[in-house]
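Participant: Under our numbering, the residue at position 61 of the sequence shown is numbered 50, and the numbers go up by one with no gaps.
My questions will all concern the structure given below.
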Amino acid sequence: MSLTENAIAPSIAKRFARIAGTGSHLPPRRLSNAELAAQLAERGVETSDEWIVERTGIRARHFADEHTTASDLGTIAARHALEAAGCSAADIDLIIVATSTPDMVFPSTACLVQRKLGVHGCAAFDLQAVCSGFVYALSVADSMIRAGTARRALVIGAEVFSRILDFDDRGTCVLFGDGAGAVVLEASDTPGIVACEMHADGRHVDILCVPGTVAGGKVLGDPFLKMDGQAVFKLAVGVLENVAQSVLAKAGRQCSDIDWLIPHQANIRIMQSTARKLKLAADRLVVTVDEHGNTSAASIPLALDQAVRDGRIRRGDCVMLEGVGGGFTWGAILLDY
Ligand code: UT7
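Printed below as a string of structure tokens:
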């Protein structure tokens, strides 16, 4: 081999990204459907545990107190992920926070997490893709690691959706919760992440949005979450099957290769329908929507961490992550844990 070939060999060696550790955090205040229904009844809003369970599978959610922000939740989740990965914040060279409920207009929640972790210098930015945010963020971190731009990334999904809920709108306020999940993603000679896809269709911006903004020292427009639930439901069911099939084809794998399916946790009916279409047994589906509600960008890393910590997901298992949400956005990641 010539000197030149020798010199370029390391830079063309295949590089992958693998999850080194996971972590999560839920704010302590848990509200059952019955407790939430009782609070809503006081303001004349009628709902019931039966309706919420039957239509969504949700039994409870966690709400942060008024002083707790997305960066607070995200920092605790990140610390757990770092501990699981056996590294410290100083070993991280990239922080991405997927959130739609940032602490401030700017700077990014990622910069606030970096400060709370007591480090500085590494790249830190937020990624906004609503409930697809974690899948988008993990795909971006994977690309950056494979490109050699980063070696070890903290990828976090952190949300305080309770801040943007209209508690007079029973069609949405019973669905969401607060929480955060995180992973440490690091460079590896073997996958790791096998295949990813991200998609968006901006024609559907109106079916799930918070239309307000800040201008002239005031909130301009409506600062609460609006959703056409049925329109989102129909789109979600279609794209989740298609994107899973597409990512499997890219990876050269079959549905039967999937050990665990972790879709965005919004509605048990959407999740079960996706599992059925992929011909997966019900016990291959990781479900946290019952206890967490829909935590948007935090839902997938929360579910992943739960299944890793309770021993269901083991090293080498094939895991499909699927995000879907406002934008309209969707995406999937196939990985060997
Ligand atoms: O995170 C991004 C992804 N998001 C999603 O995937 C959410 C997708 N959509 C859904 O999960 C479902 O569409 C919902 C759970 C939001 C709604 O379920 P649905 O079966 O589509 O119900 P609906 O909106 O068609 O409403 C049915 C009935 C209505 O009453 P009428 O008009 O039939 O008398 C609603 O007013 O249920 C009523 N309703 C409620 N009743 C009691 C709506 N919300 C409530 C409630 N409690 N909280």
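Just so it is clear, CB atoms sit at the ideal spot from N, CA and C, and this is done for glycine as well.
According to DSSP, is valine 208 part of a helix, a strand, or is it coil?
Facilitator: strand
Participant: State the DSSP-derived secondary structure class of asparagine 256, mapped to helix, strand or coil.
Facilitator: coil
Participant: Counting pairs of beta carbons, one from the region 27 to 39 and one from the region 121 to 136, are three or more of them closer than 8 angstroms?
Facilitator: no
Participant: What do you reckon, is the C-beta of cysteine 198 under 8 angstroms from a heavy atom of the ligand UT7?
Facilitator: no
Participant: Consult DSSP for glycine 46 and reduce its assignment to one of helix, strand or coil.
Facilitator: Correct three-state label for glycine 46: coil.
Participant: May I have the straight-line CA-CA distance separating alanine 27 from threonine 36, to the nearest angstrom?
Facilitator: 9 angstroms
Participant: With a threshold of 8 angstroms, are at least 3 pairs of Cβ atoms found where one atom belongs to the region 86 to 96 and the other to the region 54 to 67?
Facilitator: yes
Participant: Measure the C-alpha to C-alpha separation of aspartate 155 and glycine 282 and round it to an integer number of angstroms.
Facilitator: Between the alpha carbons of aspartate 155 and glycine 282 lies a gap of roughly 16 angstroms.
Participant: Using beta-carbon positions only, say whether isoleucine 322 and aspartate 131 come within less than 9 angstroms of one another.
Facilitator: yes
Participant: Output the distance between the C-alpha atoms of arginine 19 and aspartate 115, rounded to the nearest integer angstrom.
Facilitator: Rounded to whole angstroms, arginine 19 to aspartate 115 spans 27 angstroms at the Cα level.
Participant: With H, G and I counted as helix, E and B as strand and the rest as coil, what does DSSP make of aspartate 80?
Facilitator: helix
Participant: Distance check for proline 212 and arginine 152, CA to CA, integer angstroms please.
Facilitator: 9 angstroms
Participant: Inspect the beta-carbon positions of glutamate 186 and glycine 320 and report whether they are closer than 9 angstroms.
Facilitator: yes
Participant: In the DSSP assignment, find the unbroken alpha helix (DSSP H) run with alanine 130 in it and report its ends.
Facilitator: DSSP places alanine 130 inside the alpha helix (DSSP H), whose first and last residues are 122 to 136.
Participant: Can you tell which of Val278, Cys162, Gly160, Tyr326 has its C-alpha closest to the C-alpha of arginine 301?
Facilitator: Tyr326
Participant: So what does aspartate 115 bridge to, in DSSP terms?
Facilitator: DSSP lists Val86 as partners of aspartate 115.
Participant: In whole angstroms, what separates the C-alpha of glycine 227 from that of alanine 292?
Facilitator: 22 angstroms
Participant: Per DSSP, what kind of secondary structure is leucine -8 in: helix, strand or coil?
Facilitator: Confidence is the limiting factor: at leucine -8 the pLDDT is only 40, short of 50, which leaves the residue's position unreliable, though a coordinate-based value still follows. In the structure shown, leucine -8 sits in a helix (DSSP, three-state: H, G or I).
Participant: Can you give the beta carbon distance from isoleucine 145 to alanine 66, rounded, assuming they're within the 8 angstroms contact cut?
Facilitator: 6 angstroms
Participant: Compare the C-beta of glycine 110 with all C-beta atoms of chain C and state if any pair is closer than 9 angstroms.
Facilitator: The structure shown contains no chain C; it is built from a single protein chain.
Participant: Roughly how far, in whole angstroms, is the beta-carbon of threonine 284 from the beta-carbon of phenylalanine 150, given that I think they are within contact range, below 8 angstroms?
Facilitator: 7 angstroms
Participant: With a threshold of 7 angstroms on Cβ separation, who are the neighbours of alanine 78 within its own chain once the five nearest residues in sequence on each side are excluded?
Facilitator: Leu71, Leu106, Gly107, Val108
Participant: According to DSSP, simplified to helix, strand and coil, what is histidine 188?
Facilitator: DSSP places histidine 188 within a strand segment (E or B) once states are collapsed to three.
Participant: In terms of alpha-carbon separation, which member of Ala49, Lys207, Gly312, Cys162 lies closest to proline 290?
Facilitator: Gly312
Participant: Cα-Cα, which of Trp40, His51, Ala23, Thr64 is closest to threonine 277?
Facilitator: His51
Participant: Can you give me the start and stop residues for the alpha helix (DSSP H) that phenylalanine 150 sits inside?
Facilitator: First-last for phenylalanine 150: undefined, no H or E at that position.
Participant: Could you round the C-beta distance between isoleucine 81 and leucine 143 to whole angstroms and report it? I think they count as a contact, below 8 angstroms.
Facilitator: 5 angstroms
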